[in-house]
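> The structure under discussion is supplied below as structure tokens; questions concerning it will follow.
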Amino acid sequence: MGKRLYVGNLPYTITDEELSELFSQTGTVESAKVITDKYSGRSKGFGFVEMATDEEAQAGIQKWNGQDYGGRKLNVNEARPQEDRPRGGGGGGGGGGRRSFGSPRR
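The sequence shown begins at 227 in the working numbering and counts up one residue at a time.
Below is the structure:
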């Protein structure tokens, strides 16, 4: 399996297809995905590209890291493995006010 690349500082208008075309200049692109907000559907400005070989991934880093694309300077490097993050909400908070049970309010 090839190397997975992180591509940061992407223009917010870029599509998966455009990202794939960009990196196809340095080799075979196995997949290209722009990360979007799940509620708005808008790009978060970064994505991932998986190249067929390590050599093609290195070529992609060499060609595109620090280069201007769509008015933005791209940040391209090898993607780190995804960390396991706990699911669900955080800890519950306590109440903020003082309560006095048993005695009427005056």
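Beta carbons: idealized from backbone N, C-alpha and C, even for Gly. Values in this document were obtained by computation on a predicted structure and should not be read as measured data.
Helix, strand or coil for E309, going by three-state DSSP, please let me know.
Coil.
> What distance in whole Å lies between the Cβ atoms of N235 and K299, which are believed to be in contact at a cut-off of 8 Å?
Between N235 and K299 the Cβ distance is about 6 Å, and since that is below 8 Å, they are a contact.
> Three-state secondary structure (DSSP) at G273?
In the structure shown, G273 sits in a strand (DSSP, three-state: E or B).
> May I have the straight-line CA-CA distance separating T239 from A283, to the nearest angstrom?
Each residue's alpha carbon lies about 24 Å from the other.
> Tell me the residue span of the alpha helix (DSSP H) that contains I287.
From DSSP, the alpha helix (DSSP H) with I287 extends over D280 to W290.
> Write down the C-beta distance between N301 and L231 rounded to the nearest angstrom, noting that I regard them as a contact closer than 8 Å.
Their Cβ separation, rounded to whole angstroms, is 10 Å, which puts N301 and L231 out of contact at 8 Å.
> DSSP three-state call for D242: helix, strand or coil?
Helix, per DSSP.
> Look at E256 and E276 and say whether their C-beta atoms are less than 7 Å apart.
Yes, these two residues count as a Cβ contact at 7 Å.
> L236 by DSSP, collapsed to three states: which one?
Note: L236 maps to coil in three-state DSSP.
> Mind checking which residues open and close the beta strand (DSSP E) that includes S257?
Per DSSP, S257 belongs to the beta strand (DSSP E) from V255 to T262.
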